[in-house]
Each structure stands twice: as C-alpha cells, then as structure tokens.
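Here's the structure, in structure tokens; my notes come after.
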Amino acid sequence: MRLSFPARLRISARSGLSVPLAGLALASGLSLACATTEPSRIAVPEIGFSDSSGEARNQQSEHEARRLELTEGLRADVGRSGALESLPLSCGEGCTLDAEGVDRLRRQAREEGATYLLVGKVHKMSTLVLSIRFAVLDTASGKLVMERLLSFRGDTDEGWRHAGAYVAREVAETFADAKN
C-alpha cells in the first residue's frame, strides 16, 4: 500500500515541520495504513460431487443437500480466521470442474474482485469412503496455491460437515501462515 499525504502535509526540508512532528505524521499514517489492511478475498463456487459407489438406493437428494451444506459451510468457515474474506461465486446452471470450467471460474472470480479461487469436488467411492479434492488458485496468474486430496469416512451429514470444517481450516491456516 502506498502512503499518500495531502500536499499541505507533505514533508520536505523546506516544509517547516519539525522532525518530531514529521515523525508523528509519518507514524500515524503508517498505523492507519496497517489498521486498514483488508483480508484477501477468496471466491468459493459450489462444490462438485460424483458417485461411483454403485449403491442400489438412490441418494441423489441427500447428496445434493449435503453438497449445498458443504458449500455454504466452506464459504462461512474459510473467513473465520480473518485472513480471508469469502466471496460466494455463482456458477449459473452448475459448475464444471474440468480445466476449461475452472479457468472460467478463475476469470469470473477475478472480475468480481477475488484474489483467490477455491474449487473442490467430493467423490463417493463406496458405502463408507468418500474423498474431497480441493485446490486454491491465484486468480491473476492461474497458479496453484495449494491442493489437497483427503479421504473421509461416513456418508452422513456429520461426516460431510467434519470434512468441510477440515478443508476450511487447512485453507485458512495456509493464508494465516503466509501473512505472518
């Protein structure tokens, strides 16, 4: 952040401000600049889902509800530490998480003022075992900031909530560590 003082407060050898007064003006400007530092914005579109478990019972409505709850939980939890500000990102008719879809989301996130994009997808591979792959990208360069593949047990509301809370903590801690 560049500090800019009004012309009447600019300090020069001819300004007539004493050194202590100049120091006070500079210190107050620096503390103000530090106090107004805003957290980076991270765009979070809807999390994807796929199921290759082959279960006979149709669980589509349950999985859709869990997927939406996971998305909302991530949006809320990722900003709790204060290092990030969450920005919900709409996908319209649905998010596609192939290379082209992620690049489109990255550009959309940048246009909406986000510095980062968090994308992810849950995959159910059996009755008990699921995985979530997520990645954070820099919206300006498209570079990968972090990526994880986590497995979790329990195709239940609690299992999904626990996985989402873990993802949010991982992301928030990565950015909190980067700021320190």
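Here the sequence shown stands for residues -33 to -1, 1 to 147, where the numbers follow mature numbering (1 follows the signal peptide of the UniProt record, and there is no 0).
Every residue, glycine too, gets a C-beta built ideally from N, C-alpha and C.
Note that the structure is predicted; figures quoted are calculated from it, not measured.
| query | result |
| --- | --- |
| At least 3 beta-carbon pairs within less than 8 Å: the stretch 61 to 69 vs the stretch 120 to 137 | no |
| Other residues of its chain near T38: CB distance less than 6 Å, five sequence neighbours each side excluded | E13, I14 |
| Beta-carbon proximity of S53 to L41, cut-off 9 Å | yes |
| Under 9 Å between C-beta atoms of S113 and T82 | With the sequence shown as reference, residue 113 is identified as Met, and Ser is not the correct amino acid for it. No, these two residues do not count as a Cβ contact at 9 Å. |
| When A143, V86, D105, A107 are compared against F16, the one with the closest alpha-carbon | V86 |
| Supposed close pair S93, L117 - CB separation, criterion 8 Å | Not really, about 16 Å apart at Cβ, beyond 8 Å. |
| Inter-residue Cα distance where the pair is L72 and R8 | 14 Å |
| According to DSSP, residues forming a beta bridge with V89 | F16, I99 |
| Coil, strand or helix - E52 by DSSP | strand |
| L35, buried or exposed, once every other Cβ within 10 Å from all chains shown has been counted against 16 | exposed |
| For D18 and L95, the rounded distance between their alpha carbons | 12 Å |
| Segment limits, beta strand (DSSP E) that includes E78 | From DSSP, E78 is part of no beta strand (DSSP E) but of the alpha helix (DSSP H) over 66 to 78. |
| Minimum C-alpha distance to residue 236 - residue among R120, G49, S48, Q75 | Coverage of the chain is limited to positions -33 through 147, which leaves residue 236 absent and any answer about it impossible. |
| Distance, H129 Cα to V138 Cα | 14 Å |
| Selection from A10, T4, P6, S20 that minimises the alpha carbon distance to D122 | S20 |
| Span of the alpha helix (DSSP H), counted from its first residue to its last, around R120 | Unbroken run through R120 is the beta strand (DSSP E), 111 to 120; no alpha helix (DSSP H). |
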